[in-house]
Every structure is written in C-alpha cells, then in structure tokens.
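Number of protein chains: 2
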Amino acid sequence: MNVSISNTSEKPIYQQLFEQISAQILKGELESGYCLPPIRQAALELRVSVITVKKAWEELERSGLINTVTGKGCFVAEFSSDEKLRIRNDMILKQMESDTAYYKSFGLTLDEVIELLKKNY
Amino acid sequence: MNVSISNTSEKPIYQQLFEQISAQILKGELESGYCLPPIRQAALELRVSVITVKKAWEELERSGLINTVTGKGCFVAEFSSDEKLRIRNDMILKQMESDTAYYKSFGLTLDEVIELLKKNY
DNA sequence: TACATTGTGCATGCACAACATACACAATTT
DNA sequence: AAATTGTGTATGTTGTGCATGCACAATGTA
Chain A
1 MNVSISNTSE KPIYQQLFEQ ISAQILKGEL ESGYCLPPIR QAALELRVSV ITVKKAWEEL
61 ERSGLINTVT GKGCFVAEFS SDEKLRIRND MILKQMESDT AYYKSFGLTL DEVIELLKKN
121 Y
Chain B
122 MNVSISNTSE KPIYQQLFEQ ISAQILKGEL ESGYCLPPIR QAALELRVSV ITVKKAWEEL
182 ERSGLINTVT GKGCFVAEFS SDEKLRIRND MILKQMESDT AYYKSFGLTL DEVIELLKKN
242 Y
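In order, the protein sequences belong to chains A and B. The numbers in the working numbering rise by one with no breaks, and the one at position 80 of the first sequence is 80. Adding 121 to a residue's 1-based position in the second sequence gives its number in the working numbering.
Structural data, given as structure tokens:
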C-alpha cells in the first residue's frame, strides 16, 4: 500500500485511491494475483472509513482491474501486457479529451499547448 | 450570450458558465465595458435558475473579469492585453498542473504525452 | 462447531448544487 | 415626489454525492 491521499484535494478520496491503485496495477508495480490489503487495514492505515476504501475497490472491480472474493480478499486481475497497455491508454485518452477541450476553449493551438507542457512537465 | 451548457456533464452548471464566459472575455470576444445579459434573461435563455447564473457571475467578479453594479448590470472589466494574457495563462497553467500530475502518475514521459496530444488535438 | 477475518448492506450526517420565491436597490416614468 | 420597471441579492427548500459507523453474510482455520 504505497498511496498518499490529500484531504484538501478537490478530488474525492475514493477517486484518489482508485487512480493511484489503477496506475500501480497498469504500470506493473502490482502483479497479477497480488492480494490488496483488507479494506479495514487500508482504512486504518489511511485514516479513512472502511466504506471509502470499499468504494475505491468497487471502482477497480468495475474497471476489471481486480477480482473481489467475499471472505478472502481482493486480487489483482490477470491480463496480458497488451491488455494492460490498452486499458492504460483508454484511461489516459479519456482524461486527455476533457483536458484538450478546456485548452481549446481558450483558443490555444496545439503548438502553444506543447510549448507550455515542455516548460512544466 | 453564446454559451452551451450540458446537464449531463460532471461539471457544475455554474462552472461551465464561468469557464465559457471567462474564455470569451480573455479571447477578446467580449470587449471591455460590454454589458452581460441580465441574470434573469440569461437564466430564461439557458433554462436554469437565476441563482445558478448569479453564482457564475460571482466567480467572474471574484476573478476580476467583470464589475457588477446593482441596478445597472454586469460589465466586462477594463484591462490591458498583457493583463488579459497573464490571467489566461494563469488559468491554463493551473489546469495543466493537475493534468500533468495525472499523466505522470501513469508513468508517461513528456514525449508520450506530446505524441498523444498530436493525435487527438 | 467455534472463532477470527474478509467483504457487504443499511441508515445517518454533512456539504454543495440547483431551484422557486421574495426582497432591496437604482433608474426611469408619471 | 411617487409609482413602475429593471437590476442584482438574500432566504428557505429539495435533491445528490461524499464520508462515516455499525451490524450482517461469507470464507477460512483451529
């Protein structure tokens, strides 16, 4: 469990959790079959409610990233590297769509965006 | 009033309004001194509540983009092109910071991000 | 079976978005 | 001046989503 949550962030806690665990799975930091910590333990560790953790785990389940077994635990799903890459790109593209919409609304060109990115990445 | 709002968007209506009007002012589409439509008329036109419009106008006021005069109306503030550009860049940079944080969390390099941008902008 | 550990379901509190309505102030008309 | 119209403002209500605690069900182990 290598995650850090911010209570001041505008993003809901469960979403921060979901995003960080997702990234770790898709980057390969958490291997297939790995058992996530029990929601109670995670909740204790992160100082949030069990339900908040559960909600994040639910999102992971719905995205097909983990398999939940009542009474046993939550395990990172099995999928190929290709599949992993596809899911990662889907997530990133979905995010990028809304990002670019914002930039476009201010009249930015592609080159301007790239210029700003180079300065701030 | 050339704005379009989506009731299904995850973003609050007042924020959609704020972002679109902001962009129009900073792009120069709405000139200094221009009088925004009365909140009642805008509300009627957009089929939302007066209060939703007011909230968006309040954000504009707080950002220094308009001046509100009770009984008269809301007017686009006076500022130089330089100032306009500065505000625009501030808004975009603030957004880009959180965007890039997301990309980085998935382990994307700057080049990968630029590649994706070129494909989808 | 008995018990501990795991995830699940339900009811609550709180904050915020959106709404309808009524109010207060300024400009105009009479 | 007083009344009317047009403007933004304030109050109170409703619905939705985040976060919570506690009791329940399913699984594994002694």
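Heads up, the beta-carbon is just placed ideally off N, CA and C, and yes, glycines get one too.
- Proximity of chain B to A:D99 at the Cβ level (cut-off 7 Å) is accounted for by D220, in chain order.
- From the beta-carbon of A:A56, no residue of chain B is found nearer than 7 Å; the closest lies around 15 Å away.
- Along the stretch 69-80 of chain A, none of the residues has a CB nearer than 7 Å to a CB of chain B.
- Cβ contact annotation for A:S32 (same chain, cutoff 6 Å, sequence separation greater than five): V76, E78, in chain order.
- Closest in alpha carbon position to B:R209, among B:V174, B:L147, B:S219, is B:L147.
- Note on the stretch 136-208 of chain B: whole beta strand (DSSP E) runs with a minimum of 3 residues are 187-190, 194-197, in chain order.
- Between A:A42 and B:S226, the CB-CB gap reaches or exceeds 8 Å.
- A:N120 and A:D99 have their C-alpha atoms roughly 15 Å apart.
- Segment contact: the stretch 171-185 of chain B against the stretch 80-95 of chain A, fewer than three CB-CB distances shorter than 8 Å; contact not assigned.
- For B:K240, the enclosing alpha helix (DSSP H) begins and ends at 231-241.
- By the neighbour-count criterion, in which 16 or more other beta carbons inside 10 Å mark a residue as buried, B:M122 falls on the exposed side.
- Residue environment: A:E45 is assigned as exposed (fewer than 16 neighbouring CB atoms within 10 Å of its CB, all protein chains considered).
- Under the three-state reduction of DSSP, A:T100 is assigned to helix.
- Setting aside the 5 residues that flank it on each side, A:P37 is surrounded in the same chain by M1, each with a C-beta closer than 7 Å to its C-beta; the list follows chain order.
- Pairing A:T70 with A:Y103, the inter-Cα distance amounts to about 44 Å.
- Annotated three-state conformation of B:S226 is helix, per DSSP.
- Out of A:G28, A:C35, A:R47, A:N67, the CA that lies nearest to the CA of A:S6 is found in A:R47.
- Look at B:N210 here: in three-state DSSP terms it is helix.
- Around the Cβ of A:L93, a 10 Å sphere holds fewer than 16 other Cβ atoms; the residue is exposed.
- In terms of beta-carbon proximity, A:I87 stays away from the interface with chain B, with every pair separated by 8 Å or more.
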